[in-house]
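Residue numbers (UniProt numbering): 1 to 162.
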């Protein structure tokens, strides 16, 4: 198995359980192949980790019906980013199209200016979903959303509360 796995010219080279099983033509049980692969660094270090967890379904029918937005905190590396401490990320949840805008502060005015920059693409959402950060819940930001006819709602992560 080792020779077949590490030889780039072999059909099963650096493959998974099924490709090695086919290369062995069924002479080695899949369980044994799986056990052997667990000891191979090239397999265990680069194999994607799949975690199954329950998520809420979100149903949207058209592009720009609902966006999700949040801030990414870069404070620890701001000296490498010309003083930018945050990144505003917005994503259209149907098309998965995303925008990012660097920010030096996270005041409501800064968030508004970042959204205006994004809206220059001639796109804006019907609904905007964010976390419960004060940068999204302040009066200026709420007025901006109301003026642009954007319905706003927040969510929270139940696992963070535990």
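Ideal Cβ placement from N, Cα and C applies to all residues, glycine included. Owing to the predicted nature of the structure, the values given are computational and were not obtained by experimental measurement.
With 9 Å set as the bound, which would you pick, yes or no: does the beta-carbon of residue i sit closer than that to a beta-carbon of chain C?
i, result
"residue 145", "No chain C appears in this structure, which consists of one protein chain only."
Kindly indicate the opening and closing residues of the alpha helix (DSSP H) around residue i.
i, result
"residue 34", "30-37"
Kindly list the residues whose CB is nearer than 6 Å to the CB of residue i, restricted to its own chain and excluding five residues on each side of it in sequence; keep chain order.
i, result
"residue 99", "90 and 118"
"residue 95", "63"
"residue 110", "103"
"residue 101", "88, 114 and 117"
"residue 97", "none"
With the cut-off set at 9 Å, would you say residue i and residue j are in Cβ contact?
i, j, result
"residue 88", "residue 74", "no"
"residue 141", "residue 135", "yes"
"residue 115", "residue 66", "no"
"residue 92", "residue 48", "no"
Which same chain residues end up closer than 8 Å to residue i when comparing Cβ atoms and leaving out the 5 residues on each side of it in sequence?
i, result
"residue 52", "none"
"residue 85", "73, 74, 75, 78, 103, 104, 105 and 106"
"residue 150", "124, 125, 126, 127 and 128"
For residue i, which residues in the same chain have their Cβ closer than 7 Å to its Cβ, ignoring the five residues on either side in sequence?
i, result
"residue 132", "154 and 156"
"residue 29", "none"
"residue 108", "135, 138, 140 and 141"
### Query
Enumerated in chain order, which unbroken segments of the beta strand (DSSP E) with a length of 3 residues or greater are wholly contained in the UniProt domain "Integrase catalytic" (44-162)?
The DSSP assignment places 66-73, 86-92, 98-103, 127-130 and 151-154 as complete runs of the beta strand (DSSP E) inside the UniProt domain "Integrase catalytic" (44-162), in order along the chain (cut-off: 3 residues).
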